[in-house]
Amino acid sequence: MFTSTTFAIPKLASTPRHIAIIMDGNGRWATQRKLPRIAGHKKGVNVVRTMAQACIERGVEYLTLFAFSSENWRRPPDEVAFLMRLFSSALKRELTQLDANQICLKIVGDLSQFDDRTRSYITAAEERTAHHRRLVLTIAANYGGRWDILQAMRQLISSHPRDVNQLAEDDLARHLAMAYAPEPDLFIRTGGEQRVSNFLLWQLAYTELYFTDIFWPDFSAESLDQAITAYRTRERRFGQTSAQLASTVAPTS
Ligand code: IPE
Ligand code: IPE
Ligand code: MG
0 MFTSTTFAIP
10 KLASTPRHIA
20 IIMDGNGRWA
30 TQRKLPRIAG
40 HKKGVNVVRT
50 MAQACIERGV
60 EYLTLFAFSS
70 ENWRRPPDEV
80 AFLMRLFSSA
90 LKRELTQLDA
100 NQICLKIVGD
110 LSQFDDRTRS
120 YITAAEERTA
130 HHRRLVLTIA
140 ANYGGRWDIL
150 QAMRQLISSH
160 PRDVNQLAED
170 DLARHLAMAY
180 APEPDLFIRT
190 GGEQRVSNFL
200 LWQLAYTELY
210 FTDIFWPDFS
220 AESLDQAITA
230 YRTRERRFGQ
240 TSAQLASTVA
250 PTS
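Numbering of the sequence shown is given in numbering that gives the first Met the number 0, commencing with residue 0 and proceeding in unit increments.
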């Protein structure tokens, strides 16, 4: 398990180790082109492939993508149905390539809402790629930060019936859906909105936030480089002062 940023200051590198992205703007991208919204979602899948490759080339170890939120069920039923179909067909289609590229695939979220077939694809894909470490690619599907904290709390209470005053942050964090990854260094949201929309609420405590107006279907390796360049200008203080940081070792690449 990784040490939390509120417990200890992590060793930093100039390239973010973990990037988390809210892939937003698919619908507007399509509407601007007088296409149905689903055309934007389809195009967005190609960008996922490009980003995974770009992250490998840049030495990013973990890439986490928000594909469907707990609140996206509020959308029109035909769009929800399309997104579900797109998710399982992309999963099926991409698996061989993910495996060949040594990418470990993880799906996080409340999977109880998915049908049995999709759930078995998910398990099979995770098992087949579990040993890969060139990139850990996490897709957050039917995920919500509040759902995650609540499910972690349920596990904690059932596994640890001990004095509540003895509980530490880590006791909860070890049950979060992404306990296998360090907290994100860089959060990117495409599509112009500047909000977190119930993504990784716990893990974003000390993540650098980056917002761009580019719609997800137009997001490219160059756009990723711009985000990483912006990240490199940030001073991550974790509660300390600038002077304290200056007296510690400079980041490695
Ligand atoms: C993000 O794009 C994809 C999902 C939420 C599934 P949107 O569908 O939210 O696109 P906009 O924000 O309406 O343009
Ligand atoms: C956030 O985007 C969720 C995903 C990208 C999967 P939304 O488009 O659903 O967010 P809001 O509704 O604008 O906050
Ligand atoms: Mg949106």
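The beta carbon of each residue, even a glycine, is placed where N, CA and C say it ideally should be. On a predicted model such as this, the values are computed, not experimentally measured, just so you know.
Cβ-Cβ separation between Gly143 and Asn197: approximately 5 Å, consistent with a contact (criterion under 8 Å). Within the DSSP secondary-structure output, Val135 pairs in a beta bridge with Tyr61 and Cys103. Residue environment: Lys105 is assigned as buried (16 or more neighbouring CB atoms within 10 Å of its CB, all protein chains considered).
Residue pairing by DSSP places Tyr209 opposite Ile187 in a beta bridge. Look at the beta carbons and you see the stretch 223-241 not touching the stretch 91-104: under three pairs across the two are nearer than 8 Å. Rounded to the nearest whole angstrom, the CA to CA distance from Ser219 to Thr49 is 7 Å. In this structure, ligand 2 has a non-hydrogen atom nearer than 6 Å to the beta-carbon of Phe65. Under DSSP, Ile21 shares a beta bridge with Phe65 and Arg188.
For Tyr142, DSSP records a beta bridge to Ser68. Asp217 has its Cβ no nearer than 6 Å to any heavy atom of ligand 3.
DSSP, reduced to helix, strand and coil, places Ala204 outside both helices and strands of the structure shown, so it counts as coil. Pairing Ala172 with Phe65 gives a Cβ-Cβ distance that is not under 7 Å. Tyr230 and Phe210 have their alpha carbons spaced roughly 11 Å apart.
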